[in-house]
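Numbering (my numbering), first residue to last: 1 to 340.
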C-alpha cells in the first residue's frame, strides 16, 4: 500500500499541480492506457491541461492525445450522456483526442415493442424489465428489500443479469462483459477518480462515499463492470446532468453502467481528486474507515499506488500525524510531484 496525499489551500492552487502531473505522466508513459472520470471534479483538470498544451507544454500535446482513455461509467438511457461529457471535455474532433481513443461504457439500449417499433430503454422501462425478471426468477429470495426512495436496499442487478433471458438484459450483460474485457486488456497505468457523496451517505454517518457509481451496498470488492440502480440521493446530487439549454428538464436517470471495484483497482496507479467541504466526510471515511460494501471508496487503501489531491476544505480536520501512523504520506507541494 502506498497512499500519498497532496493538499493545498484552495482548488485553484491544486489544479495546476495535478494538471502538470497528468501531462508529465503521459510524457513518461507513451502509449499506456489512461482511465478517465466524469462529473464535476475532472472538468477544471482538463481545462487546465488544454490551456497548458496550447501554451508552454505544446510540445507534449501528442503525448497526451495519443493515450487510450477508458471512462468509469455511463448512465443508462440518458441524453445528453457521459459520452457527450467525454467528447466535450476531451475536445474530440476539435484538436483533442481522436474518437477511436475514447472509450465509454455503452448506455443506450433499444427495446422492440409489440408494434415492432424500437424505443430507447429508459429507467422506467428497465425497472419494469428487472421487476418482471425478478418475479419470475428462482433466485428471487436473494434480492434485497427496496424502499420507496430506493435508498434502503440495493437490488442485486448483477445477480439477476447472470441468469437473465430478456433480450434487453442479455444485451446489457454482453455489453458490460465486453467493456470489462476491453478495459482490463489494455495497459491502463493511471486511473483518474473523483469521490461521490451520494448513495446512503446522507442518512447514515457510518457510510462512506463512492468511486465510479459503486455506491454503498451495491457491490463487493471482486466486482467487474456492472449495472447499478442509483440511490435517490445520487440522482438528486447529479440533477444538473439532466437539464438542457433553456432549463428544460429531462427524466432523471436511475440506472448506470459502472466499472466495479476490481476493475478500478486493476489500474497501475489511482489519482483521486476531491475539492470542497462537501467532500470532507467522504474523504475521511475513505482514508480512515474500514473498506467494505458500506464504504466502497475505502478499498483504495489496498491499492499499491494511490495519489490523493485535496484542497484544505476537503482535507478538513484530518490529522497529518494520524495519517502518517497509518502509512500515508502527506505533502503540501509547491510544484508538481515527480512522476514515477
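Every residue, glycine too, gets a C-beta built ideally from N, C-alpha and C.
These numbers come from a predicted model, not from an experiment.
In whole angstroms, give me the CA-to-CA distance for residue i and residue j.
i	j	result
residue 332	residue 6	6 Å
residue 273	residue 50	18 Å
residue 45	residue 310	13 Å
residue 26	residue 73	22 Å
residue 230	residue 169	17 Å
residue 132	residue 126	10 Å
residue 100	residue 15	27 Å
residue 275	residue 120	35 Å
residue 42	residue 299	21 Å
residue 210	residue 296	6 Å
residue 201	residue 284	Its pLDDT being 44, under 50, residue 201 is placed unreliably in this model, and the coordinates cannot settle the point.
residue 289	residue 326	11 Å
residue 173	residue 162	8 Å
residue 122	residue 255	9 Å
In the DSSP assignment, find the alpha helix (DSSP H) that holds residue i and state where it starts and stops.
i	result
residue 107	No alpha helix (DSSP H) contains residue 107, which DSSP labels as neither H nor E.
residue 280	280-288
residue 171	167-185
residue 325	320-325
residue 92	No alpha helix (DSSP H) holds residue 92; DSSP gives it neither H nor E.
residue 236	232-237
Can you look up residue i in the DSSP assignment and give me helix, strand or coil?
i	result
residue 15	helix
residue 23	helix
residue 103	strand
residue 301	helix
residue 227	strand
residue 162	helix
residue 40	coil
residue 119	strand
residue 78	coil
residue 350	Since the first residue of the chain shown is 1 and the last is 340, residue 350 is not available in this structure.
residue 257	strand
residue 148	The predicted position of residue 148 is uncertain, since its pLDDT is 38 and thus under 50; a value taken from the coordinates is nonetheless stated next. Here residue 148 sits in coil by DSSP.
residue 127	helix
residue 222	coil
With a CB to CB cut of under 7 Å and the five nearest residues on each side skipped, what residues in its chain are close to residue i?
i	result
residue 140	For residue 140, the pLDDT reaches just 45, beneath the cut-off of 50, and the residue's location in the model is therefore unreliable, leaving the point undetermined.
residue 184	263 and 266
Can you name the start and end residues of the beta strand (DSSP E) that residue i belongs to?
i	result
residue 315	No beta strand (DSSP E) contains residue 315, which is instead part of the alpha helix (DSSP H) from 312-315.
residue 192	188-193
residue 274	269-274
To which residues of the same chain is residue i closer than 6 Å at the C-beta, ignoring the five residues directly before and after it?
i	result
residue 268	189
residue 4	307 and 329
For residue i, which residues does DSSP report across the bridge?
i	result
residue 68	33
residue 213	In DSSP, residue 213 forms no bridge with anything.
residue 295	292
residue 5	308 and 330
residue 73	258
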